[in-house]
Amino acid sequence: MTIRRHFASDNYAGVHPAVLQAIADANVGHASSYGADPWTAQATDLIRREFGPRAEPFFVFNGTGANVVALSAILQPWQAVLCPAGAHINVDECGSPERFTGCKLLTVPTTDGKLRPDDMTAALAKIGDEHSVQLRAISISQTTEYGTAYSATEVRALADHAHRHHLLLHMDGARLANAAVGLGATLAELTSDAGVDILSFGGTKNGLLGAEAVILFTVDPASLKFLRKQAAQLASKMRFLSAQFIALLTDRLWHTNAFQANRMAARLAAGLARFPRLNLTQPVDANSVFAQVPAEYISALQERYRFYLWDQPKSEVRLMCAWDTTEADVDGLLAAMAEIVR
């Protein structure tokens, strides 16, 4: 069976063979449950190698679960987290953070998906007012929902501003690996070294079968095991989640996978630039390409390849490359555009 690779989401991609092999290798005999196994110990050591000795990882099943557990660890029900209006926690998690934390999301409109220190001003003015929800944390996505990446300097500026006001910085790092590759940075340079307090570290979009990690840098880990259990994110057979991270973090597979996805996005962006009627709308910092495509061509293109119409009034589409996207895939999409877009 020949199945075309599409450009709707890096979640469409399959599982990297090394990850499947790691799961199979872990499927031997009996092992202690709930993380008391050698695979989880090894994965924890590898996390600390990448993120620094302070890192305290808790492995979970999915990204929404990671964000809910992470935010639950730092928020009380009368508190709030500030995020961009387009943030995944605000738009794509079905109200899960608000339901399970009891907190409020305060949103800021952005043109590129990024928060800046000045975006905190209005919420900071309400601190101490018992009639107002109290800002406790800010949350940023790396990369953002518009594919843009925060530099280490930008993350540090947000962290420093937050910490001066006794706030915490959460990073939704579903595509942190792609950001690190695009910026030529290490994972630690964009997180623990830059002042991030708690991280949702993504693996599923970068070749894993289904595994993410909540990583604490400054937050007390005492409550995390209880919060993870209440959120239905505690795996009884934890070794199979941990084995995936062993594969991802051994020999820098995370970097290899992200590099390929980013390289294909750059190839796609260069190809789109040759079409006079198409306009790139965001910088291509990682593995996504945003472009304005004349509305009359979108349906015909989507009959060939799946991708998201991101902003219908603007006729803006999102084209996402994955770890398994090939040059032939990109060239096939560009050929289809050459046939359809006049």
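Heads up, the sequence shown is in the working numbering, so the first residue is 35 and it goes up one at a time. All C-beta atoms in this analysis are idealised placements derived from N, C-alpha and C, irrespective of residue type, glycine included.
Is residue i helix, strand or coil when you go by DSSP?
i: Lys239; result: helix
i: Arg338; result: helix
i: Ser175; result: strand
i: Leu378; result: Given that the chain is displayed from residue 35 to residue 376, the structure contains no residue 378 and the question cannot be resolved.
i: Phe309; result: coil
i: Asp44; result: helix
i: Thr360; result: coil
i: Arg297; result: helix
i: Leu169; result: strand
i: Met35; result: Low local confidence applies: a pLDDT of 45 at Met35 is under 50, so the model's placement there is unreliable, and no value is given.
i: Asp273; result: Rather than Asp, the amino acid found at residue 273 in this sequence is Arg. If DSSP states are grouped into helix, strand and coil, Arg273 belongs with the helices.
i: Asn124; result: helix
i: Asn291; result: helix
i: Tyr68; result: coil
i: Asp59; result: helix
i: Tyr184; result: coil
i: Ala156; result: helix
i: His50; result: coil
i: Arg190; result: helix
i: Ile161; result: coil
i: Asp146; result: coil
i: Arg462; result: Missing from the structure shown is residue 462; the chain here goes from 35 to 376 and no further.
i: Val375; result: coil
State the CB to CB distance for the pair residue i and residue j, rounded to an integer number of angstroms; the pair is presumed to be in contact (CB under 8 Å).
i: Ala281; j: Val103; result: That belief does not hold up - the Cβ atoms of Ala281 and Val103 are roughly 23 Å apart, past 8 Å.
i: Ala228; j: Ala320; result: Actually they do not touch by this definition, with Cβ atoms about 17 Å apart.
i: Asn101; j: Glu127; result: 7 Å
i: Ala89; j: Ile81; result: 5 Å
i: Leu109; j: Leu140; result: Actually they are not in contact, since the Cβ atoms of Leu109 and Leu140 sit about 12 Å apart, beyond 8 Å.
i: Val189; j: Leu224; result: 6 Å
i: Ser226; j: Val248; result: The Cβ separation is near 14 Å, so there is no contact.
i: Ala277; j: Asp59; result: 7 Å
i: Phe92; j: Leu221; result: So it is not a contact: roughly 17 Å between Cβ atoms.
i: Val375; j: Phe309; result: 6 Å
i: Leu215; j: Asn296; result: Here residue 215 turns out to be Val, not Leu, going by the sequence shown. That pair is a contact at about 5 Å.
i: Gly181; j: Leu210; result: Contact flag wrong, Cβ pair sits at about 13 Å.
i: Trp344; j: Glu350; result: 5 Å
i: Ala299; j: Ala47; result: Rounded, the Cβ-Cβ distance is 13 Å, inconsistent with contact.
Have a look at the DSSP bridge pairing and note the partners of residue i.
i: Leu367; result: Per DSSP, none; premise fails for Leu367.
i: Gly317; result: The identity of residue 317 in the sequence shown is Pro, whereas the question assumes Gly. DSSP lists no partner for Pro317.
i: Thr141; result: Cys117
i: Leu302; result: Partner(s): none; Leu302 has no beta bridge.
i: Phe324; result: Arg352
i: Asp345; result: Glu350
Express the C-alpha separation of residue j and residue i in angstroms, rounding to a whole number.
i: Arg262; j: Leu367; result: 41 Å
i: Leu287; j: Phe279; result: 10 Å
i: Val125; j: Ala119; result: 8 Å
i: Leu217; j: Thr145; result: 20 Å
i: Val230; j: Met205; result: 7 Å
i: Glu84; j: Ile232; result: 15 Å
i: Ala304; j: Ala157; result: 41 Å
i: Gln346; j: Gln264; result: 38 Å
i: Phe324; j: Gln267; result: 33 Å
i: Cys137; j: Glu164; result: 15 Å
i: Gln326; j: Ala245; result: 33 Å
i: Val167; j: Gln113; result: 5 Å
i: Pro391; j: Val62; result: Within the shown structure, residues of the chain are numbered from 35 to 376, placing residue 391 beyond reach of any answer.
i: Leu202; j: Ser173; result: 9 Å
i: Ala70; j: Pro255; result: 17 Å
i: Thr252; j: Gly86; result: 12 Å
i: Met35; j: Ala362; result: At Met35 the pLDDT is 45, less than 50, meaning the model places this residue with poor confidence and gives no usable figure here.
i: Thr359; j: Gly147; result: 25 Å
i: Arg39; j: Lys160; result: 49 Å
i: Gly99; j: Val364; result: 32 Å
i: Phe293; j: Pro328; result: 30 Å
i: Phe41; j: Arg133; result: 32 Å
i: Tyr339; j: His199; result: 47 Å
i: Gln176; j: His64; result: 37 Å
i: Leu302; j: Ser333; result: 19 Å
i: Val153; j: Ile57; result: Checking the sequence, you will find Asp at residue 153 rather than Val. Each residue's Cα considered, the two are about 43 Å apart.
i: Pro131; j: Gly207; result: 16 Å
i: Val142; j: Ala196; result: 16 Å
i: Asn45; j: Ala191; result: 31 Å
i: Leu283; j: Gly162; result: 43 Å
i: Leu149; j: Glu179; result: 12 Å
i: Met371; j: Leu306; result: 9 Å
i: Asn240; j: Glu330; result: 33 Å
i: Ser322; j: Ser106; result: 30 Å
i: Asp194; j: Pro151; result: 9 Å
Give a yes or no on whether 8 Å exceeds the smallest Cβ distance from residue i to chain B.
i: Asp163; result: Annotation note: the requested chain B is absent from the structure, which comprises a single protein chain.
Does the distance between the C-beta of residue i and the nearest non-hydrogen atom of the ligand SAM fall short of 7 Å?
i: Leu302; result: The ligand SAM is not among the ligands present in this structure, which contains no ligands whatsoever.
Within the segment 199-268, note down every full beta strand (DSSP E) run reaching 3 residues or more, in order along the chain. 202-207, 232-235, 246-250
Note down, one range per segment and in chain order, each beta strand (DSSP E) of at least 3 residues found wholly within the segment 74-100. 90-94
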